[in-house]
Structures are given as C-alpha cells and as structure tokens.
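**Student:** The structure under discussion is supplied below as structure tokens; questions concerning it will follow.
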Amino acid sequence: MSDDLLETGKRLRAEVIGQARHDAAMTNATEFDLPFQELALRYCWGEVWGRPGLDRKARSMVNLGMLVALGKPNELKIHVRGALTNGVTRQEIQEIFLQACIYCGVPAAGEAFKVAKEVFEEPEFAAR
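At position 55 of the sequence shown (counting the first as 1) the number is 62 in my numbering, and the numbers step up by one without a gap.
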C-alpha cells in the first residue's frame with residue numbers, strides 16, 4: 008500500500024470534514040476497525056477524492072445524492088458538513104434533495120432534509 012495515498016487521504020479528509028472530526032476518527036479507531044479507517048483513507052480519500060477529474064464541490068454534490076439514495080443518515084450528516092465546507096450552498100443542497108425525492112423516494116428525501124437542518128443548526132455552519 009502506498010503511504011502517499013494514506014497521507015493524502017488524511018490531509019483531504021481533514022480538510023473536508025474538519026481536523027477535529029478526522030482526529031477523533033483516528034483516535035477512536037481500535038485494532039478492530041483501524042484497517043477499515045486506513046482503507047477508507049487510502050482509497051476513498053487519497054485515491055478518489057484526490058483525483059483531478061472533479062473538484063471538491065462536485066464530489067460533495069455527487070456524494071449527497073448517493074447517500075440519500077442509500078439511506079445513510081450518519082454519513083449524510085458528515086457529508087452535508089463537508090459539502091458546506093466545499094462551497095455547496097444550502098439552496099444547492101435543497102435542490103439535490105428535491106431531485107433525490109423524485110428518484111429515491113419521499114422517505115429518503117425527508118430524512119435528508121432532517122439531517123441537513125440539524126447540520127445547519129450547528130454553530131460552525133449556522134451562518135452558511
């Protein structure tokens with residue numbers, strides 16, 4: 008495994024989800040789930056997020072739609088924060104969720120709107 012990908016993944020994840028959240032994930036990793044953390048850092052963050060084909064805003068927008076479709080509210084919350092960090096506006100998030108409502112269903116979109124409202128109320132994102 009390339010240590011360059013691991014280091015790139017650590018840097019990118021910290022930039023997108025915040026250094027404190029990245030550090031917490033690493034600190035809370037155990038012998039059991041550390042291999043998963045490293046795999047996600049290398050391939051998800053280092054390999055894919057590190058590619059030049061899409062900018063971070065576009066990657067965030069794609070992720071939001073996919074996470075709504077998959078019904079993954081915990082990951083969606085992380086990526087709503089990341090999307091705001093990457094320049095996705097509340098209006099763009101709203102449009103993504105409305106589109107997802109048609110293609111993924113009302114319950115999935117309803118959960119997505121609920122999750123986003125929770126993030127919008129967090130102090131660091133309230134003004135965005």
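Every residue, glycine too, gets a C-beta built ideally from N, C-alpha and C. This one's a predicted model, so the numbers in the text were calculated from it and none came from an experiment.
Does DSSP put VAL87 in a helix, a strand or coil?
**Tutor:** The residue labelled residue 87 in the question sits at position 80 within the sequence shown. Three-state DSSP puts VAL87 in a helix.
**Student:** By Cβ distance, which residues of its chain are closer than 7 Å to MET8, with the 5 residues on each side in sequence left out?
**Tutor:** To locate residue 8, count along the sequence shown from 1; it is residue 1. Because the pLDDT at MET8 is just 48, under 50, the model does not fix this residue reliably, and the point stays unresolved.
**Student:** With VAL126 as the anchor, note down where its alpha helix (DSSP H) starts and where it stops.
**Tutor:** The residue labelled residue 126 in the question sits at position 119 within the sequence shown. 113-128 is the span of the alpha helix (DSSP H), which, as asked, contains VAL126.
**Student:** What's the C-alpha gap between ARG97 and GLN26?
**Tutor:** For the purposes of this step, residue 97 is taken as the residue at position 90 of the sequence shown. For the purposes of this step, residue 26 is taken as the residue at position 19 of the sequence shown. When rounded, the distance between both Cα atoms is 22 Å.
**Student:** Tell me whether the region 43-59 and the region 85-103 touch, counting them as touching only if at least three CB pairs, one residue from each stretch, are closer than 8 Å.
**Tutor:** no
**Student:** Determine whether the beta carbon atoms of ALA90 and LYS124 lie at a separation below 9 Å.
**Tutor:** Your numbering for residue 90 matches position 83 in the sequence shown. Your numbering for residue 124 matches position 117 in the sequence shown. For ALA90 and LYS124, no; Cβs fall outside 9 Å.
**Student:** For ALA116, count the other beta carbons within 10 Å of its own beta carbon; 16 or more makes it buried, fewer makes it exposed. Which is it?
**Tutor:** Here residue 116 refers to the residue found at position 109 of the sequence shown. Within 10 angstroms of the beta-carbon of ALA116 lie 16 or more other beta-carbons, which makes it buried.
**Student:** So is THR37 buried or exposed if we call it buried at 16+ other beta carbons inside 10 Å?
**Tutor:** Position 30 of the sequence shown holds residue 37. With fewer than 16 Cβ atoms within 10 Å of its Cβ, THR37 is classed as exposed.
**Student:** Is the beta carbon of LEU71 sitting closer than 9 Å to the one on PHE104?
**Tutor:** Within the sequence shown, residue 71 is the residue found at index 64, counting from 1. Within the sequence shown, residue 104 is the residue found at index 97, counting from 1. The answer is yes: Cβ separation under 9 Å.
**Student:** Can you give the beta carbon distance from VAL126 to PRO80, rounded, assuming they're within the 8 Å contact cut?
**Tutor:** By one-based count along the sequence shown, residue 126 stands at place 119. By one-based count along the sequence shown, residue 80 stands at place 73. Contact between VAL126 and PRO80 does not hold, since their C-beta atoms are separated by about 11 Å, which reaches or exceeds 8 Å.
**Student:** Please classify ALA119 as buried or exposed, where buried requires at least 16 neighbouring CB atoms within 10 angstroms.
**Tutor:** On the sequence shown, position 112 is the one that residue 119 refers to. ALA119 comes out buried.
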